[in-house]
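Peer 1: Before we start, here is the structure in question, set down as C-alpha cells.
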Amino acid sequence: MANVSDLNTVLSGLNHIDALLGSGPDWNYVTPAGNTIRYTFSIASHNEGDNSAANGLMAFSAGQQSGARAALATLSAITGIVFAETANGADADVHLAAKDLGGGTAGLASWSSSFTYSGERLVTYQAEAYVYLDDTAAAAAGNATLAPGSGGLEILLHELGHMMGLKHPFQDAIRLPSAEDNTSNTLLSYTNSGGPYSTFSPYDVAALNWLYGGDGLGGALGINATGGGRYLTGTVRADSLAGGAADDRLEGGAGNDTLNGGNGSDTAVFRGKYASYTFADLGGGKLRVSGADGVDTLTSVEVLKFDDRSVQASQVLPPPVVTPPPVVTPPVVTPPPVVTPPPVVTPPPVVTPPPVVTPPPVVTPPPVVTPPPVVTPPPVVTPPPVVTPPPVVTPPPVVTPPPVVTPPPVVTPPPVVTPPPVVTPPPVVTPPPVVTPPPVVTPPPVVTPPPVVTPPPVVTPPPVVTPPPVVTPPPVVTPPPVVTPPPVVTPPPVVTPPPVVTPPPVVTPPPVVTPPPVVTPPPVVTPPPVVTPPPVVTPPPVVTPPPVVTPPPVVTPPPVVTPPPVTPPAVDTSAPAAPTASVVKNANGFVAGNKPVLSGSAEANAKVEVLNGASVVATTKASASGTWSVATSALADGLNLALTVRATDAAGNVSAKSAALAFSVDTVAPAAPTASAIVAADGAVRFSGSGEAGSTIRLSNGNAVIAEGTAGANGSWNLGGNVLAKGNYDLTVSALDQAGNASTAASHLVFAVGAPATPATPGTLAGTPGNDVFRLPAGSNLIDGGAGSDTVTFSGPRAGYSVVRGDGGFVVTDKGTGGAVNVLRNIESINFNGAMLRLDYDDVVQALYLAYFGRAADSAGLEAFQSQLGGLKAPTTFAAISAAYDRDAGLHSLVDSFGASAESAALYPGSTGAFIDAVYKNIFNRAPDAGGAAFWSNAIDSGNLSRANASLSIMAGALQNTSAQGVLDAKLVNNKITIASDFTLAIDTSAEVSSYTSAAAAAAVRAMLGTVSASTDIAAFQATIASTLLKMGGAGVRGGGGASAYEPALPEQEIGLVGTHSPGWTDLPL
C-alpha cells in the first residue's frame, strides 16, 4: 500500500501537464484496488449534503444521460478506467445531477476523500465525487442531449476533468502561459478558442495520461502504478521527454521531439501506421523516426508503437552489408594464364603410346651406365621402331632436343618407365603444376653426358634423325602457357645443351645394345619426354587437381574493391554558433526544485555543457536536428542565479557562451502557518493566524480553495468575511512561498455553517486522521476527532461552560441562553476564550491522585502531569502506564514523585501497613484483607516496590479484575475516577482554584469520594460536586456570561472561486 505522503500529487516536470494537476480525488489509491469507478444518475439517496429532489436537485433527462454515458466512454478510452453505471446511489463513486447553482454558474464539481493509516502507510482510502450542471444550463435546448457540438457537453467534460483530478490552468503556482491558456489546449481553461469541443483537448489528455497511464487504475503506468512507469505526452512543439527507471511510455506528439526512455523497457507512441514512417540509425544507440508526428530522436527506447502494430526498435533497421571488403581482395584473382592453355590439352598422340609402358627390361639394366664397349655394336643402329613414336613429343622440353632420347643415364631410372598412368591421362598436360616442378628442370644427367656425344657409329642412324612425327608436331612446340612458367624456362642446363641436339650417335647407345631386351623395345628409345621428367611422373596426386585451375567465381566480385573511405573529410576548424537555452520558471522567477531542466538548440550532434560560472553542472548531446534538453545537477538555493551554455562540435571546436539564463532556486518550504476561525450566526466566517512573512496563505476545503491571501511583514494574516454555504467544513491551511514550496498547518480547521441543531438532534462533525481544530456552529453538536491530537474551540470564556465526563466522552454545556450541549469524543483539548483545558491523560492522572492521595486532582497538578505524560509520549491507559513503569525511566520517576511530595509525607508518616490500609480505603472504601495487606507491605518493606508503585499496581489490579467482586470493584473505581474528573472540571473560576489548595479542602473531597459506590448515579452526583465546591469557597452560587470574540475591524478579502466557466457564467466553490 502507498504512504500518506504519496497523496501529494506527483509532478511530471512538464508545464503543460503540471499546470492542470489538482490535489485529488486520487482515484489511484481507492481501496479495495480495482479498475472500476461506478457512477449514478439517481438522486434518490446518498446525495451531497442536504441536496435532494425536495430542495431542487434534478436528475439528468434520458437524453442527457445518454450524452453523459458517451462522455464517460470518451474518458474511459483515454484513461483505461472502466466507468460502470449503477442505479443505487449507495454503490456509486460519482453522482451526476442538475441543480440551481446560482450566480450564473454553469457547472460544478466537488469531491471528498477519507483514509486510515498505520504509521506512514495508507490502510484504506475512499473517494466520492459529485458533478452538477446548472438547472438553467441543463434545460437549454442545445443541452437537451449533451450531443457533440453542444455547449452543455463541453461544460460536462470540464466538470468531469475536475472529477478526475484536473484543475484550472490559471490557478496555483504552476500555471500555463497566457498564450496557451485556452480551450483549444485544455477544456479546463476559461478562455474560449474554437469549440464547442466534443472531447478533451491535448493538454487534458496529456495530464490524464500522466495520472492514469492509459491502462486504468492499478496498471503498469500512472500514479501509484504497479509497475511504477509513467506516461509522458508532449505538445505540438519540439518537446524533450525523459523516462525514469521503470517501463515508461513516451508520446512526443507533433513537432521534432527528443525521447529518452532511460532505464527499463520503454515505448515510444506514434499516431500513424508503421508503413508511413522512415527510420535512421544515428549511432550511439540513437534512432531517428520520421513521419506525420515530425522527426523524433529516440534514445534508450526499446519498443515503437504504431496504430497498426508494435515493433522492437532493433528491428526497424537492416544490418549493414557493406563492411566485409577484406574478403574481396584475395590474390587468387591474378592467375588467368593457368586457365588458358588449351593447346596443351588437345594433343591426343600423347595418350596412345602403349609401348612405352611395357618395357620392363629397361628398368633393370644397371650396366647401361658404365659399359664402354657399347660404341661398336652396329645392331643397335637399325632399330626402325624407335623412329615412329611421335606421341612423346608433346612436352615442350622434349621437342627441341631429340638427342635426349638416347642418353643412357636417362634410361636407367626405373621410376620413369613404369608409371603408365602419367602417359595416358590428358590432364597431365593442362595443369600448370606439372610444368613447374623443379625436378624436371634440373636433371643433370641429361646435360653432361660427354660419352654420348663421341661415339661416331651412332651418328649414322638416319631413322633417329629424320623422324617427321617428332619434328613436325607444331601444337606441342607452340604452347606458350607451358613454356612461359618461369620455373621451367630458367633452368639453363635444359635449354642450352647444344651437344645434346647434334649427337645423332645417341641413337646407338652401347648400353642399350648389349641387353637384347633393350634392342627389341623401340618405344623405349623414342619417348624422350617421359625420360627427362622423372619427378613429374611419380606424383600423380599433383597432376590431377584440375579444380585449382578453374576458380573463376572468386575473381568476379570487383564491386567490393572500391571502398568510399578513400576520400578523407575536410578538416573542421569553425567553432559552432552559441547555443540557445531556456528554462521553465514561475511568475516570480523560481524554477521547480533545485535540478531545473534546460532546453534549447545547438549545432547538430554537438556536445552541450551548462555552466554555473566556471563549473559544469550538466552535459548532454544535441540531436541531429540540433535540439537538446538536460537537467542540471543540484544547485544551491539562491536568487538570480545565472547559467550559460556552450557547445563543442566533433572536431573539438568550442562555441561562445550563450546569453545568461537567470532564475532563482528555493527548496526550503516556509514555516508552517497557524490558523483560527470565527463563524458568525449569519454564516460569515473570518480566518486569522500567522505565517512566514510574504508567504501566500491558502485555505482549502478538500480540493476547493476557500480563501487565499498574503501574510504581512510581521507574519500575521486575516482572510474571509464572506458568507459560506451551509455545511460542514474541514479546512487545510497552507503557506506557499514565491518558489511554490508549501507547508501545512499542524491542525485542520473544522467547523460547520448552518442553522443550529436542537439538543435532541445534534449535528455531527468528524475529524481526519491528522490533527484537527473544530470551530463549532451554534447549537448542539457531536464532535468525534478521530486519530491525531484534536482541539475544539468555544468562543466564550471557561466560566461560561460546564464540562463533565460522560460514558461516551466529555459533555460541554453552554451556561448561557440556549444551553447548547456538545459531546466531545476523541478530543484532546478544549480551547476557551482565554483558557486551554487539556483532556488527554485526564483519567490516568485522576486515577493516580485517587489511589495515592484519595482525592481529585487540582487544576494545576492535573495540567502539570498531563504535560509531562505527553512529553514522555506515555501510554494513554492506566493499565499500560502500570506495565510501562519498570521499563520507562521517565515514567518511573514521574510516578515516584507522588511519594516524595510534602502531601505524601503529611498523609503517611506511619508504618507501611498504615499506608496500604489508606490506599485500599482510597480506592475501595474498605480496609485490605489480611493476605493483601501482608503481600503489599512485604513488597514495600523488602525494597521491591516503592509506595507509589504499590498504589499504581493496586489501582491497575482493581481496573483489570474480572472476578465477581472484581467487576463490582472496577465499577466503583470507574465511578470515582469520573466524579473526580467532574470535580476538577467544575473548578472554572480563580476563586474555586484558590479554594482547592488547603488540607481541609483535600479532606472534604476525599470525604465526598468516599460516598461514591458502584451504583452511584453520576448525573445526580453533580449536585454533590457543586455543594462541595460551594462549601470550600464559602460563597453563593455564581454564573458566567459569554463574551463575543468577533473582530468587526478585520479586513475583507475576496474568496477564490473554483469550478467551470462558459460565456455568461461563473463558478461556485467546489
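Everything in the sequence shown is counted per UniProt numbering, starting at 1 for the first residue and increasing by one.
Just so it is clear, CB atoms sit at the ideal spot from N, CA and C, and this is done for glycine as well.
Using the C-alpha atoms, what's the distance from P177 back to P596?
Peer 2: Rounded to the nearest angstrom, the two C-alpha atoms are 18 Å apart.
Peer 1: Examine the ligand GTP and report whether any of its heavy atoms sits within less than 7 Å of the Cβ of G283.
Peer 2: As presented, the structure is devoid of all ligands, the ligand GTP included, so that no description of it is given.
Peer 1: Pop quiz: F60 and A84 are said to be a contact at Cβ under 8 Å. What is the actual Cβ separation, rounded to whole angstroms?
Peer 2: Contact flag wrong, Cβ pair sits at about 17 Å.
Peer 1: A1043 to G800, Cα distance in whole Å?
Peer 2: Only weak support exists for where A1043 lies, its pLDDT of 23 falling under 50; the value from the coordinates is given anyway. Computed Cα separation, rounded: 9 Å.
Peer 1: If you drop the 5 nearest sequence neighbours on each side, which residues of the same chain put their C-beta closer than 7 Å to that of Y996?
Peer 2: The residues are D858, I987 and M1032.
Peer 1: List the DSSP bridge partners of G229.
Peer 2: Answer is L221.
Peer 1: Cutting at 7 Å between CB atoms, please list the residues of its own chain near F898, excluding the five before and the five after it.
Peer 2: If we look at F898 and ignore the five residues flanking it on each side, its Cβ neighbours are L848, Y852, S904 and A948.
Peer 1: Give the secondary structure of V344 by DSSP, where H, G and I count as helix, E and B as strand, and everything else as coil.
Peer 2: Legend: pLDDT at V344 = 45, less than 50; position of this residue unreliable, value from coordinates given subsequently. DSSP places V344 in coil when its eight states are reduced to three.
Peer 1: Cβ atoms of T116 and Q64: under 8 Å apart, would you say?
Peer 2: Against a cut-off of 8 Å, the Cβ pair of T116 and Q64 comes out as no contact.
Peer 1: According to DSSP, is Q738 part of a helix, a strand, or is it coil?
Peer 2: Of the three classes helix, strand and coil, the one that applies to Q738 here is coil, per DSSP.
Peer 1: Is G683 closer than 8 Å to A711 when the C-beta atoms are compared?
Peer 2: The answer is no: Cβ separation not under 8 Å.
Peer 1: Check the C-beta distance from L972 over to A1014 and give it rounded, since I have them as a contact under 8 Å.
Peer 2: That pair is a contact at about 4 Å.
Peer 1: If you draw a straight line from the C-alpha of T36 to the C-alpha of D307, how long is it?
Peer 2: T36 and D307: Cα-Cα distance of roughly 26 Å.
Peer 1: Let me confirm a value: G49 is counted as buried when at least 16 other C-beta atoms fall within 10 Å, else exposed. Which label applies?
Peer 2: G49 is exposed by the Cβ-count criterion.
Peer 1: Please classify M163 as buried or exposed, where buried requires at least 16 neighbouring CB atoms within 10 angstroms.
Peer 2: By the 10 Å Cβ count, M163 comes out buried.
Peer 1: Using 8 Å as the threshold, is the segment 197-212 in touch with the segment 29-45, meaning 3 or more CB pairs across them?
Peer 2: No: fewer than three Cβ pairs fall under 8 Å.
Peer 1: Would you mind sorting V967 into buried or exposed? The rule is 16 or more other CB atoms within 10 Å of its CB.
Peer 2: By the 10 Å Cβ count, V967 comes out exposed.
Peer 1: Starting from T791, follow the beta strand (DSSP E) in both directions and report where the run begins and ends.
Peer 2: T791 to T793 is the span of the beta strand (DSSP E), which, as asked, contains T791.
Peer 1: Is it a yes or a no for the segment 267-284 touching the segment 302-316, going by three-plus beta-carbon pairs under 8 Å?
Peer 2: Judged by Cβ distances under 8 Å, the segment 267-284 makes contact with the segment 302-316, as three or more pairs qualify.
Peer 1: Run the CB neighbour count on R230, radius 10 Å, all protein chains shown included, and call it buried at 16 or more, exposed below.
Peer 2: Counting Cβ neighbours within 10 Å, R230 comes out buried, since at least 16 surround it.
Peer 1: Comparing C-alpha positions only, which one of L122, Q171 and V289 sits nearest to A707?
Peer 2: Minimum Cα distance to A707 is reached at Q171.
Peer 1: So is E609 buried or exposed if we call it buried at 16+ other beta carbons inside 10 Å?
Peer 2: Classification for E609: buried.
Peer 1: With respect to the alpha helix (DSSP H) encompassing I940, which residues constitute its N-terminal and C-terminal limits?
Peer 2: Taken as a continuous stretch (DSSP letters only), the alpha helix (DSSP H) holding I940 covers A930 to D941.
Peer 1: Put V82 into one of helix, strand or coil per three-state DSSP.
Peer 2: Residue state, collapsed to three classes: strand.
Peer 1: For T136, which of helix, strand or coil comes out of DSSP?
Peer 2: Note: T136 maps to helix in three-state DSSP.
Peer 1: Near Q312, what residues of its chain come up, given a Cβ to Cβ distance below 7 Å and the 5 sequence neighbours on each side ignored?
Peer 2: For Q312, where only same-chain residues beyond five positions count, the Cβ hits under 7 Å are E302 and V303.
Peer 1: Measure the alpha-carbon distance for G816 versus H748 and round it to whole angstroms.
Peer 2: One C-alpha to the other measures close to 28 Å.
Peer 1: Out of F915, M955 and N925, state which residue places its alpha-carbon closest to the alpha-carbon of N940.
Peer 2: The identity of residue 940 in the sequence shown is Ile, whereas the question assumes Asn. With distances taken between Cα atoms, I940 lies closest to F915.
Peer 1: Taking Y39 as part of the beta strand (DSSP E), name the residues at either end of that continuous run.
Peer 2: Where Y39 is concerned, the enclosing beta strand (DSSP E) stretches over T36 to T40.
Peer 1: Count the other CB atoms within 10 Å of the CB of N209; is the residue buried (16 or more) or exposed (fewer)?
Peer 2: It is buried - the Cβ of N209 has at least 16 other Cβ atoms within 10 Å.
Peer 1: Could you give the distance in angstroms between the alpha-carbon of N88 and the alpha-carbon of G222?
Peer 2: Using only the alpha carbons, I get a separation of about 30 Å.
Peer 1: Following the continuous alpha helix (DSSP H) through F983, name the residue where it begins and the one where it ends.
Peer 2: It spans A964 to A986 - the alpha helix (DSSP H) in which F983 sits, taken as one unbroken run.
Peer 1: Going by C-alpha distance, which of H892, G626, H46 and D840 is nearest L945?
Peer 2: Minimum Cα distance to L945 is reached at H892.
Peer 1: Is the separation between the beta-carbon of F590 and that of A704 shorter than 8 Å?
Peer 2: The answer is no: Cβ separation not under 8 Å.
Peer 1: Report yes if the CB atom of L598 is closer than 8 Å to the CB atom of V616, and no otherwise.
Peer 2: No. Outside cutoff.
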